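Participant: If you want this note's numbering, it's the 1-based position in the sequence shown plus 1319.
Got a structure here, written out as structure tokens. Questions coming.
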Amino acid sequence: MAAEEKSAAKPAPPAAAAHPPLQGRARTMGTIALSAAVFMNVLDSSIANVSIPTIAGDLGVSATQGTWVITSFAVANAITVPLTGWLTQRFGQVRLFVASVLLFVLTSWLCGFSWSLESLVASRILQGAVAGPMIPLSQSLMLGSYPRDKAGMALALWSMTILVGPVAGPLLGGWISDNYSWPWIFYINVPVGLLAGWAAWQIYKERDSVKSRLPIDKMGLALLVVWVGALQLMLDKGKELDWFASGEIILLAVVAVVACVFFIIWELTAEHPVVDLALFKYRNFTAGVITISVGYGVFFGTVVLLPLWMQNTMGYTATDAGIASAPVGILAIIISPIVGKLLARHDPRIIATFAFLVFSLISFMRADFSTDVDIGTIMLPTFIQGAAMATFFIPLTTVTLSGLDPQRIPAAAGLSNFVRLVFGAFGTSITTTLWESRASLHHAHLAEAARPGEPAFDALVSGLQQKGLDAGQGALLIDRLINQQAFTLSALDIFYASGILFLAMIALIWVTRPSTGRRGGAGATGAH
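The following block contains the structure:
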């Protein structure tokens, strides 16, 4: 199988010079520099979310218009992530990474300095574009910093920043917005980015990859911008515009599908493609990308749904919702290094299977929630979820990169991260849409029992009248109670369905065949 895949694949990029793993202080400092840059990137992807009302009010625009601060970053970022492999070949992975970090610092300063929504959106587009290569390249550089038998530990340390960033972002963003002013959610990137970029250059400048002056695939690049931009806009604005009841959404969907089909055909036949789709000819890469992306989509959908349900339905504040989400990072940080060590001795597919079982367990735990649930009960499955996150990302990333040539790691990391981000956007859109749709259905069913003549309804109305509420006030209160129950039942439906999906996806894990020199070198073979 491996021989057939390699013969079918396009010629690999020029081989990089073999660099030995870093040792001692250099490896420690390199790990800190890469982790700081990644944390800054991931944090910035979520920190603005809770600050949108503050930003919109300060700039004199509506909250709906303010969401372009998020959408603009997401669209630009989604376009440049899959370009990582091609950009690496042209500029070298170390130069590209450091340039990406420093440009991220500059665009962060521009975001904080913005004086209008238009200037802020323009700065966020630039910020999202330069942020694209940072995460895939940090992953590649981290793997190259460690010996092959410690690749699992390298991925564990790298993953910890990916796991903690989305949790810390909303908490930090809310605190800064409440106590300072919103520009500081961007200004805090400046010192972190400058230090991370300087340290990374000092440590890795002699370890750059071989550069090759490839011609620019202008058609492939144009098609990528069109279809990814149209898809991301459709997913971000679909719920707001009532999906396919909107001509704008239909147009975006058609453009995305047509441009994507042409993009795939062009990239598979181009001599120097801008995205290396030939990677999907490798079994481990394809199965690994599908598994981690679908799993991430389901996971991220529930991550978005829980605070929405808490705030919109249960009446919790944004701070309370953030506190309820925070425990997820505890077990993730504790277990990630342990997972790194386990990968040196155990099949990564077993560890990933454990992750999906835990994800399924916490989904079923949440499916038992009710409107009487307290914050402690909400936090328990969130706390347990940290164990699933640590055992999900690391082994599946190991499997995905298993057996690839070292020079293809940046392209593979960029492409896999791109697909994961797209599925995350799908998960968010599908989950929030289903939540409202199922809530309408439950509301209709519950309303059938809330009518005169029904004993329970008549008893409730009588009790409200005895407390001094007139018919109109009573009807409003009853409708509010029905809405609360309907949206809660809808959320429980989604949690239950998520639990079943996580169980079903275990089969996808075992489609892969990770290479095993020593058990657990699975992802490491492509790292050096």
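Cβ coordinates follow ideal geometry from the N, Cα and C atoms, glycine included.
Fair warning: this is a prediction, and the values are worked out from it, not measured in the lab.
Where do the ends of the alpha helix (DSSP H) carrying LEU1543 lie?
Facilitator: Start at 1 with the first residue of the sequence shown, and residue 1543 comes out as number 224. Counting along the chain, the alpha helix (DSSP H) containing LEU1543 begins and ends at 1537 to 1556.
Participant: Which class does PHE1688 belong to by DSSP, given the choice of helix, strand or coil?
Facilitator: Counted from its first residue, the sequence shown places residue 1688 at position 369. Here PHE1688 sits in coil by DSSP.
Participant: If I'm right that ALA1345 touches VAL1511 with Cβ under 8 Å, what's the distance once you round it to whole angstroms?
Facilitator: Along the sequence shown, one-based indexing puts residue 1345 at 26. Along the sequence shown, one-based indexing puts residue 1511 at 192. That pair is no contact at about 20 Å.
Participant: In the structure shown, what three-state DSSP assignment does MET1453 receive?
Facilitator: Stepping through the sequence shown from its first residue, residue 1453 is reached at position 134. DSSP places MET1453 in helix when its eight states are reduced to three.
Participant: Quick test of your reading: ALA1744 and MET1708, contact by CB under 8 Å. State the CB separation rounded to the nearest angstrom.
Facilitator: Against the sequence shown, residue 1744 aligns to sequence position 425. Against the sequence shown, residue 1708 aligns to sequence position 389. Contact flag wrong, Cβ pair sits at about 19 Å.
Participant: Heavy atom of the ligand COA less than 6 Å from the Cβ of GLN1630, yes or no?
Facilitator: In the structure on display, the ligand COA does not appear, and there are no ligands present to speak of.
Participant: If you reduce the DSSP assignment to three classes, tell me which class SER1748 lands in.
Facilitator: Counting from one through the sequence shown, the residue named residue 1748 turns up at place 429. Looking at SER1748 - three-state DSSP - the assignment turns out to be helix.
Participant: Is it buried or exposed for THR1588, if we count other Cβ within 10 angstroms and need 16 for buried?
Facilitator: Taking the sequence shown and counting its residues from 1, the one referred to as residue 1588 is at position 269. Label assigned to THR1588: exposed.
Participant: Could you work out which residue in HIS1764, ASN1802, ALA1732 is closest to ILE1611 when comparing CA atoms only?
Facilitator: Here the question's residue 1611 lines up with position 292 in the sequence shown. Here the closest residue by C-alpha is ALA1732.
Participant: Using alpha carbons as the reference points, say which of PHE1416, THR1426, LEU1560, VAL1830 lies closest to SER1861.
Facilitator: Any answer about residue 1861 is impossible in this case: the structure gives the chain only from 1320 up to 1847.
Participant: By the three-class DSSP mapping on this structure, what secondary structure does PRO1340 have?
Facilitator: Here the question's residue 1340 lines up with position 21 in the sequence shown. Under the three-state reduction of DSSP output, PRO1340 falls in the coil class, being neither helix nor strand.
Participant: Below 8 Å on the Cβ atoms is my guess for PRO1646 versus PHE1702; work out the distance and round it to an integer in Å.
Facilitator: Along the sequence shown, read from residue 1 onward, the residue named residue 1646 stands at position 327. Along the sequence shown, read from residue 1 onward, the residue named residue 1702 stands at position 383. At roughly 4 Å, the Cβ-Cβ gap stays under 8 Å, so PRO1646 and PHE1702 are in contact.
Participant: Do you know whose CA, among THR1399, LEU1514, THR1747, lies nearest VAL1449's CA?
Facilitator: For the purposes of this step, residue 1449 is taken as the residue at position 130 of the sequence shown. Nearest Cα to VAL1449 within the set THR1399, LEU1514, THR1747: THR1399.
Participant: What residue from GLU1755, HIS1665, PRO1452, PHE1604 has the CA that sits closest to PHE1361's CA?
Facilitator: Within the sequence shown, residue 1361 is the residue found at index 42, counting from 1. First, the residue type needs correcting, since residue 1361 is Val and not Phe in the sequence shown. Across the set GLU1755, HIS1665, PRO1452, PHE1604, the C-alpha of PRO1452 shows the shortest separation from the C-alpha of VAL1361.
Participant: With a threshold of 6 Å on Cβ separation, who are the neighbours of TRP1501 within its own chain once the five nearest residues in sequence on each side are excluded?
Facilitator: For this step, residue 1501 is matched to residue 182 along the sequence shown. So the list reads SER1370, THR1373, ILE1374, once near-sequence residues are dropped.
Participant: Enumerate in chain order the residues of its own chain whose CB-to-CB distance from GLU1567 is below 7 Å, with the five nearest sequence positions on each side excluded.
Facilitator: For this step, residue 1567 is matched to residue 248 along the sequence shown. LEU1560, listed in sequence order.
Participant: Between which residues of its own chain and PRO1401 is the CB-CB distance below 6 Å, once the five residues before and five after are set aside?
Facilitator: For the purposes of this step, residue 1401 is identified with residue 82 of the sequence shown, where counting begins at 1. Excluding residues within five positions, the ones whose Cβ falls inside 6 Å are VAL1594, GLY1733, LEU1734, PHE1737.
Participant: Between ARG1414 and the rest of its own chain, which residues show a CB-CB distance below 7 Å, the 5 nearest in sequence each way excluded?
Facilitator: Along the sequence shown, read from residue 1 onward, the residue named residue 1414 stands at position 95. The answer, listed in chain order, is ASP1527.
Participant: Within 10 angstroms of the Cβ of TYR1499, are there 16 or more other Cβ atoms? Answer buried if so, exposed if not.
Facilitator: Taking the first residue of the sequence shown as position 1, residue 1499 is located at position 180. Label assigned to TYR1499: exposed.
Participant: By DSSP, does TRP1387 sit in helix, in strand, or in coil?
Facilitator: To locate residue 1387, count along the sequence shown from 1; it is residue 68. Residue state, collapsed to three classes: helix.
Participant: Indicate whether at least one CB of chain D lies closer than 7 Å to the CB of GLY1722.
Facilitator: Within the model displayed, chain D is absent; a lone protein chain is all it includes.
Participant: Where does VAL1830 fall in DSSP's three states?
Facilitator: Mapped onto the sequence shown, residue 1830 falls at position 511. Residue state, collapsed to three classes: coil.
Participant: Per the contact definition of three or more C-beta pairs closer than 8 Å, is the segment 1429 to 1441 in contact with the segment 1454 to 1468?
Facilitator: Touching, no, given that fewer than three Cβ pairs across the two stretches are closer than 8 Å.
Participant: Classify ALA1322 as helix, strand or coil using the three-state DSSP reduction.
Facilitator: Counting from one through the sequence shown, the residue named residue 1322 turns up at place 3. For ALA1322, the predicted structure reports a pLDDT of 40, less than 50, and the residue's modelled location is therefore unreliable. The matter cannot be settled from this model.
Participant: For TRP1829, which residues in the same chain have their Cβ closer than 7 Å to its Cβ, ignoring the five residues on either side in sequence?
Facilitator: Residue 1829 sits at position 510 when you count from the first residue of the sequence shown. So the qualifying residues of the chain are ARG1668.
Participant: Given a threshold of 16 other Cβ atoms within 10 Å of its Cβ, counted over all protein chains shown, does MET1320 qualify as buried or as exposed?
Facilitator: Your numbering for residue 1320 matches position 1 in the sequence shown. Low per-residue confidence applies at MET1320: pLDDT is 43, beneath 50, and the placement is therefore not dependable, though the value from the model is reported in the following sentence. Its Cβ having fewer than 16 others within 10 Å, MET1320 is exposed.
Participant: For LEU1680, tell me which candidate among ASP1798, ILE1713, LEU1699, ARG1664 has the shortest Cα-Cα distance.
Facilitator: One-based indexing of the sequence shown puts residue 1680 at position 361. Per the Cα distances, LEU1699.
Participant: For ALA1336, I'd like the list of residues in its chain whose CB is within less than 6 Å of its CB, leaving aside the five on either flank, ordered along the chain.
Facilitator: Counting from 1 along the sequence shown, the entry for residue 1336 is found at position 17. Residue placement at ALA1336 is poorly supported in this model, since its pLDDT is 48, which falls under 50; the coordinates are not used for a value here.
Participant: Measuring only the C-alpha atoms, how far is ALA1606 from ARG1799?
Facilitator: Residue 1606 sits at position 287 when you count from the first residue of the sequence shown. Residue 1799 sits at position 480 when you count from the first residue of the sequence shown. When rounded, the distance between both Cα atoms is 46 Å.
Participant: Of the residues GLY1411, ILE1444, LEU1406, which one's Cα is nearest the Cα of ILE1389?
Facilitator: The residue given as residue 1389 occupies position 70 in the sequence shown. The candidate whose alpha carbon is nearest that of ILE1389 is ILE1444.
Participant: Among ASP1687, TRP1754, THR1690, ALA1352, which has the Cα closest to the Cα of GLY1516?
Facilitator: Along the sequence shown, one-based indexing puts residue 1516 at 197. Residue ALA1352 is the option with its Cα nearest to GLY1516.
Participant: Taking the straight line between their C-alpha atoms, what separation do you get for LEU1491 and ASP1363?
Facilitator: The residue labelled residue 1491 in the question sits at position 172 within the sequence shown. The residue labelled residue 1363 in the question sits at position 44 within the sequence shown. So the alpha carbons of these two residues sit roughly 10 Å apart.
Participant: Please report how far the alpha carbon of THR1621 lies from the alpha carbon of VAL1417, in whole angstroms.
Facilitator: Residue numbering aside, residue 1621 sits at position 302 when the sequence shown is read from its first letter. Residue numbering aside, residue 1417 sits at position 98 when the sequence shown is read from its first letter. Between THR1621 and VAL1417, the C-alpha separation is close to 34 Å.
Participant: Does the distance from the C-beta atom of THR1696 to that of GLN1803 stay below 7 Å?
Facilitator: As a position in the sequence shown, residue 1696 is number 377, starting the count at 1. As a position in the sequence shown, residue 1803 is number 484, starting the count at 1. For THR1696 and GLN1803, no; Cβs fall outside 7 Å.
Participant: If we call anything under 7 Å between Cβ atoms a contact, is ILE1481 one with MET1348?
Facilitator: Along the sequence shown, one-based indexing puts residue 1481 at 162. Along the sequence shown, one-based indexing puts residue 1348 at 29. Going by C-beta atoms, ILE1481 is not nearer than 7 Å to MET1348.
Participant: Alpha carbon to alpha carbon, how far is LEU1740 from ALA1397?
Facilitator: As a working note, residue 1740 is residue 421 in the sequence shown. As a working note, residue 1397 is residue 78 in the sequence shown. LEU1740 and ALA1397: Cα-Cα distance of roughly 7 Å.
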